[in-house]
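2 protein chains.
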Amino acid sequence: MQETRLDTARIRSARQVIDPMFRDTPLYYCEALEPHLGCAVSIKLETANPVRSFKARGTEVVASRLADDGSRAVVCASAGNLGQALAWSGRARQLDVTVVASRFATRTKLDRIRALDARLELVDGDHELARERAAAIAQREGIRLVEDSLDIETCEGAATIGLELVDAGPSFDAVLIALGGGALATGVGHVVKDLAPEVEVICVQPLGAPALTHSWRQRRVVTTDSTDTIADGVAGRFPIRAVLDDLLVVADDAVLVREASIIAGMRMLLDHAGLVVEPSAALGIAAVLEDRDRFAGRHVAVIVCGGNVDMDAYRRWVGAPIHTS
Amino acid sequence: MQETRLDTARIRSARQVIDPMFRDTPLYYCEALEPHLGCAVSIKLETANPVRSFKARGTEVVASRLADDGSRAVVCASAGNLGQALAWSGRARQLDVTVVASRFATRTKLDRIRALDARLELVDGDHELARERAAAIAQREGIRLVEDSLDIETCEGAATIGLELVDAGPSFDAVLIALGGGALATGVGHVVKDLAPEVEVICVQPLGAPALTHSWRQRRVVTTDSTDTIADGVAGRFPIRAVLDDLLVVADDAVLVREASIIAGMRMLLDHAGLVVEPSAALGIAAVLEDRDRFAGRHVAVIVCGGNVDMDAYRRWVGAPIHTS
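Protein sequence lines, in the order shown, are assigned to chains A and B.
If you read the first sequence in the working numbering, its first letter stands for residue 1, the second for the next number, and so on.
If you read the second sequence in the working numbering, its first letter stands for residue 326, the second for the next number, and so on.
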């Protein structure tokens with residue numbers, strides 16, 4: 001494999017500093033999905049932890065290093081899940097955590113960030129404006145800015161999921177990974193391509209937030225003017241060059257899916273797997289639904305990366321199968 | 326501690342034959358529940374596996390021993406979860422599995438038993454009739470009858486949950502355990518009382534299926550003529566003497582909860598923890614809801630023991646928070 005910014009040995013050591021509550025997450029074959037998808041599906045479940053997403057794997061690494069260095073404060077921009085995770089990891093290590101988010105972010109995520117004692121600052125714009133604001137705060141206060149996907153800890157933390165997939169002795173042919181900033185995809189992709197290169201690494205992004213997928217396809221950074229997707233966790237517009245470079249090494253494919261497929265995926269995970277997932281976590285199932293022939297008879301691993309939803313919105317999305325009778 | 330039929334060393338070895346997919350399940354502090362319950366809650370999640378309940382811990386032990394002995398077939402009566410688990414564990418070891426169930430059992434559970442290649446026989450009565458029928462089949466065919474809670478493997482398999490709770494270094498004051506046949510309660514209770522006796526062991530049963538709780542309170546087997554509860558997984562009428570004896574040793578309390586509290590518990594786990602659980606798995610939360618003063622400011626561990634629900638019924642139960650808008 002060509003080099004990436006990531007290193008498998010370093011990922012193995014990163015794993016040691018992650019609270020066990022966030023590691024060794026369930027990995028299981030969900031047979032009930034198979035008749036509906038036409039392929040075998042193994043689920044890697046990242047929602048059964050205190051922050052209900054995979055993001056704490058990265059923030060545990062960041063916060064533990066900051067604490068070792070005697071740092072007192074840290075700031076990040078977040079669509080909501082990174083902020084919760086950093087708030088959790090920081091609080092556990094007596095760090096002051098500031099999170100900058102869009103005022104349009106998922107309310108539950110913002111409420112949880114506050115409940116975890118972080119300082120929450122809202123900007124009147126999208127996630128890219130929150131990134132600018134967080135950078136300004138870091139500079140002004142001279143504290144560490146955590147940049148999701150750019151900072152190697154966020155990628156290597158996420159990559160520990162890849163270790164767990166590979167260490168289980170992967171019987172699957174492909175792994176389907178939500179693509180947002182790229183930490184999850186480059187992290188898991190690096191480990192899979194390093195240790196189980198025969199497994200196909202497929203990134204999945206919404207058609208309404210396609211910047212990194214377009215960038216991957218054109219092998220150059222492509223930005224977009226706006227995003228339009230319910231998958232708030234992956235709705236970025238400005239791909240990071242270094243992340244794209246890594247993604248070009250580790251991804252076998254990057255596909256775009258429709259909103260209707262994301263919703264159908266969420267419903268399917270509720271009805272047949274009993275899982276409440278946020279839109280980003282249904283991207284893998286959505287990809288299968290949009291290209292059944294490609295996956296027919298194969299065995300795919302799907303990383304269910306987050307479960308933070310506003311229940312009102314969730315109610316609308318999965319409205320058909322769950323309603324007041 | 327007084328002796329029970331269980332043995333902690335034997336439970337540790339039982340753990341070795343259980344497929345890793347069913348072991349080391351998530352155990353995490355769910356802060357979002359705290360403001361709604363007035364106490365800290367740690368969740369031990371037994372639903373993220375191929376059969377969506379804890380029952381495979383026991384059937385893995387049974388089936389692995391049967392396979393070692395060269396057995397070819399096994400039969401059990403089940404309200405649905407044991408049957409699924411035995412079907413899964415038996416299929417993995419080339420055992421012919423027969424499950425006897427009530428025709429009124431949860432349809433999803435029956436469908437999943439069939440999908441796992443077990444022979445399913447339905448009786449026109451409740452779970453106690455299914456137990457009689459399974460015993461007759463075992464006698465006629467000369468094959469092993471698995472009797473939930475009576476057979477030590479089912480208790481010691483369930484008891485491995487207790488090991489994982491205790492090995493995590495329990496910070497909790499009490500563990501709340503669904504009480505049905507008693508395998509889960511005596512199993513987990515044995516380990517907790519053996520290794521962490523300061524932790525209170527509280528069993529929770531529906532008011533509509535109170536036989537074992539009444540038996541525990543009166544220190545003698547008390548049967549009932551019928552059951553009336555949505556918590557199908559714990560709806561027995563004929564407690565087993567040997568199980569009661571163990572329960573008298575390990576349980577600090579046994580409480581009964583109303584159906585409305587079970588439903589409120591299911592809603593709360595959905596709304597604030599993002600978990601789809603079956604009624605039996607909400608008994609612990611229901612117990613807190615019915616006696617907030619008892620648990621105020623304490624830290625309880627709740628075993629979320631199963632997630633197999635008919636979605637139509639689930640839709641009705643959680644109808645208020647999730648509906649078509």
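Where is the CB? At the ideal position from N, CA and C, for every residue including glycine.
For clarity, every value in this text was computed on a predicted model and none was experimentally measured.
Q. CB-CB under 8 angstroms to Gly631(B), same chain, minus the five flanking residues each way: which ones, in chain order?
A. Hits under 8 angstroms: Glu371, Thr372, Arg377, Ser378, Phe379, Lys380, Asn406, Gly558, Val602, Glu603, Ser605 and Ala606.
Q. Opposite Glu200(A) in the DSSP bridges: which residues?
A. Ala174(A)
**Q.** Collapsed DSSP secondary structure at Lys369(B) in the structure displayed
**A.** strand
Q) Is DSSP giving Ser89(A) helix, strand or coil here? A) Ser89(A) falls in the helix class under three-state DSSP.
Q. Of all Cβ atoms in chain A, is any one closer than 7 angstroms to the Cβ of Met326(B)?
A. no
Q. Looking at the unbroken alpha helix (DSSP H) that takes in Ala130(A), where does it start and where does it end?
A. His127 to Glu141
Q) Under a three-way DSSP split, which group does Glu489(B) fall into? A) helix
Q: Please classify Gly2(A): does DSSP put it in a helix, a strand, or coil?
A: The sequence as given places Gln at residue 2(A); Gly does not occur at that position. In the structure shown, Gln2(A) sits in coil (DSSP, three-state: anything other than H, G, I, E or B).
**Q.** Residues of the stretch 288-299 of chain A whose Cβ lies closer than 7 angstroms to any Cβ of chain B, in chain order
**A.** none
**Q.** Distance between Ala79(A) and Ala105(A) (C-alpha atoms, nearest Å)
**A.** 6 angstroms
Q | Under 7 angstroms from the C-beta of Thr372(B): neighbouring residues of chain A | A | Gly274
Q | CB-CB length for Ala183(A) against Ser226(A), believed under 8 angstroms | A | Ala183(A) to Ser226(A), Cβ: 22 angstroms. No contact.
Q. At a Cβ threshold of 7 angstroms, is Phe593(B) touching chain A?
A. The residue you asked about is not Phe; residue 593(B) is Met in the sequence shown. With respect to chain A, the C-beta atom of Met593(B) has no partner C-beta closer than 7 angstroms.
Q. Just to confirm, are Arg624(B) and Phe497(B) a CB contact at a threshold of 7 angstroms?
A. Correcting the residue type first, residue 624(B) is His in the shown sequence and not Arg. Yes, the Cβ-Cβ distance between His624(B) and Phe497(B) is below 7 angstroms.
Q: With DSSP collapsed to three states, give me the class of Ile230(A).
A: coil
Q) So which residues on chain A does Arg377(B) lean against when the C-beta distance must stay under 7 angstroms? A) Gly274
Q: Could you say which of Glu457(B), Arg566(B), Ala398(B) and Ala440(B) lies nearest to Gln409(B) if we only look at CA atoms?
A: Ala440(B)
Q: In angstroms with no decimal places, state the Cα-to-Cα distance between Val146(A) and Ala611(B).
A: 41 angstroms
Q) Within the 7 angstroms Cβ cut-off, does Asp669(B) reach chain A? A) The question about residue 669(B) has no answer, for chain B in this structure spans 326 to 650.
Q: Output, in sequence order along the chain, the residues in the stretch 150-182 of chain A whose CB is closer than 7 angstroms to any CB in chain B.
A: none
**Q.** Pick from Glu523(B), Val643(B) and Thr485(B) that is closest to Glu385(B), judged by C-alpha positions
**A.** Among Glu523(B), Val643(B) and Thr485(B), the Cα nearest to that of Glu385(B) is on Thr485(B).
Q) Between which two residues does the alpha helix (DSSP H) containing Val300(A) stretch? A) First-last for Val300(A): His299 to Val304, but that is the beta strand (DSSP E), not the alpha helix (DSSP H).
Q) When DSSP builds the beta bridges, which residues end up paired with Tyr314(A)? A) Note: Tyr314(A) sits in no beta bridge, so no partner.
Q: Would you kindly work out how many angstroms separate the C-alpha atoms of Val342(B) and Gly487(B), rounded to a whole number?
A: 16 angstroms
Q: Report yes or no: is there a C-beta of chain A within less than 7 angstroms of the C-beta of Gly632(B)?
A: Yes, because at least one Cβ of chain A sits closer than 7 angstroms to the Cβ of Gly632(B).
Q: Excluding the 5 residues preceding and the 5 following Leu520(B) in the sequence, name in chain order all residues of the same chain whose CB lies nearer than 6 angstroms to its CB.
A: Val491
Q. With which residues is Ala101(A) paired in a DSSP beta bridge?
A. Leu122(A)
Q.
Can you pull the chain B neighbours of Glu259(A), defined as C-beta to C-beta under 9 angstroms?
A. For Glu259(A), there are no C-beta contacts with chain B under 9 angstroms, since the nearest C-beta of that chain is about 17 angstroms from it.
Q: Report the residue from Glu615(B), Ala460(B) and Val529(B) whose alpha carbon sits nearest the alpha carbon of Ser586(B).
A: Glu615(B)
Q) Closer than 9 angstroms, Cβ to any Cβ of chain A: which residues of the stretch 337-358 of chain B, in chain order? A) Those would be Pro345, Met346, Phe347, Asp349, Thr350, Pro351, Leu352, Tyr353, Tyr354, Cys355, Glu356 and Ala357, in chain order.
(Q) Distance cutoff 7 angstroms, beta carbons only. Does Asp596(B) sit that close to anything in chain A? (A) yes
Q | Supposed contact pair Ala417(B) and Asp442(B) - C-beta distance, whole angstroms, cut 8 angstroms | A | Actually they are not in contact, since the Cβ atoms of Asp442(B) and Ala417(B) sit about 11 angstroms apart, beyond 8 angstroms.
(Q) Quick check: what's the CA-CA separation for Ser338(B) versus Ile628(B)? (A) 22 angstroms
Q.
If you measure between the beta carbons of Val524(B) and Val500(B), is that distance less than 7 angstroms?
A. yes
Q) Which partner residues does Arg469(B) have in the DSSP bridge list? A) DSSP links Arg469(B) through a beta bridge to Val399(B).
Q: Kindly indicate which residue of Ala168(A), Asp293(A), Ala67(A) and Ile202(A) has the alpha-carbon position closest to the one of Cys39(A).
A: Of the candidates Ala168(A), Asp293(A), Ala67(A) and Ile202(A), the one whose C-alpha sits nearest the C-alpha of Cys39(A) is Asp293(A).
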